[in-house]
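First up is the structure itself, then whatever we jot down about it.
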């Protein structure tokens, strides 16, 4: 009763603040929680001839098929593998670039460099796919045209799966590194100059100041971004993979992720049950992972945890 009265008193006292939260609550209710009813389809063999909830209930049959066929393991490995590379390389390079920019003394050059590096973030994946195709196209691509002029044999990039492991990572970093760098650069800007002045008096050089002052001060930002990234580690960059790979089945073994598989299941086979099962597995895996990592971080240092 005490807690109930306390909650009611809080609602009355801060009614304007709760009223401001109402649009956000409605947004998540309509777009995130109500659609969760569709999870039911993961346990059915969906039939378009029947109503939404009259399709045959098959239990965990869709999950067993995904597991026994080996598809689920391959999709999980690809999705997690790419995201780990995106997270680790992206954050490390973003920190390095942010530190380098923060040390630049020429203001106009610093702003110009920052703008140039941030610009690819606004390039759509459709435009990126056109650029990539015109570079690596076997018949008339820029790469093979240059190789032929140099007297070398052309490379069939679109039929060489292992190359795309590196290409996807490179293009992801090229497009997103500027955005992450701005976040770290903002954190570096917030570090007091007194730390650096004291270090200079003590005789610390630029590398020592970066290693013992800047990098430790970025730890909180890094952990927060890491936790946010881990929460969606099972959600690959669908636009990136689909626009670059498309329906090229030759590359599926090394480039297919859960998002593209779910999309093809709906688009090609209209298998709603199978695609919903893969999506549910994706969400549960990410939820368990973020809860586990947050619990571990909370045990190590409570200030770095999300909740």
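Residue numbers (our numbering): 62 to 368.
We treat Cβ as the ideally placed atom computed from N, Cα and C, and that holds for glycine.
Per DSSP, the continuous alpha helix (DSSP H) segment holding residue 84 begins and ends at 76–89. Per DSSP, the beta-bridge partners of residue 118 are 105. For the 8 Å CB-CB criterion, residue 288 and residue 354 form a contact. In this structure, residue 315 lies away from residue 302, with their beta-carbon atoms at least 8 Å apart. Counting along the chain, the unbroken alpha helix (DSSP H) around residue 172 starts and ends at 168–179. Annotated three-state conformation of residue 352 is helix, per DSSP. In the three-state scheme derived from DSSP, where H, G and I count as helix and E and B as strand, residue 221 is classed as coil.
When C-beta atoms of the segment 229–238 are compared with those of the segment 131–151, three or more pairs fall below 8 Å, so the two segments count as touching.
For residue 94, no alpha helix (DSSP H) run applies, since DSSP gives it neither H nor E. Straight-line spacing of the CA atoms in residue 245 and residue 282 works out to 7 Å. Assigned with DSSP and collapsed to three states, residue 329 falls in coil, not helix or strand. Distances from the CA of residue 141 to each of 295, 329, 322 and 129 were compared; the closest alpha carbon is that of 295. One alpha carbon belongs to residue 207, the other to residue 229, and they sit about 22 Å apart. Listed in chain order, the alpha helix (DSSP H) runs fully inside the segment 184–215 are 186–197 and 203–210, counting runs of at least 4 residues.
When C-alpha distances from residue 185 are compared across 259, 237 and 128, the shortest belongs to 237.
At the C-beta level, residue 180 and residue 171 stay beyond 8 Å of one another.
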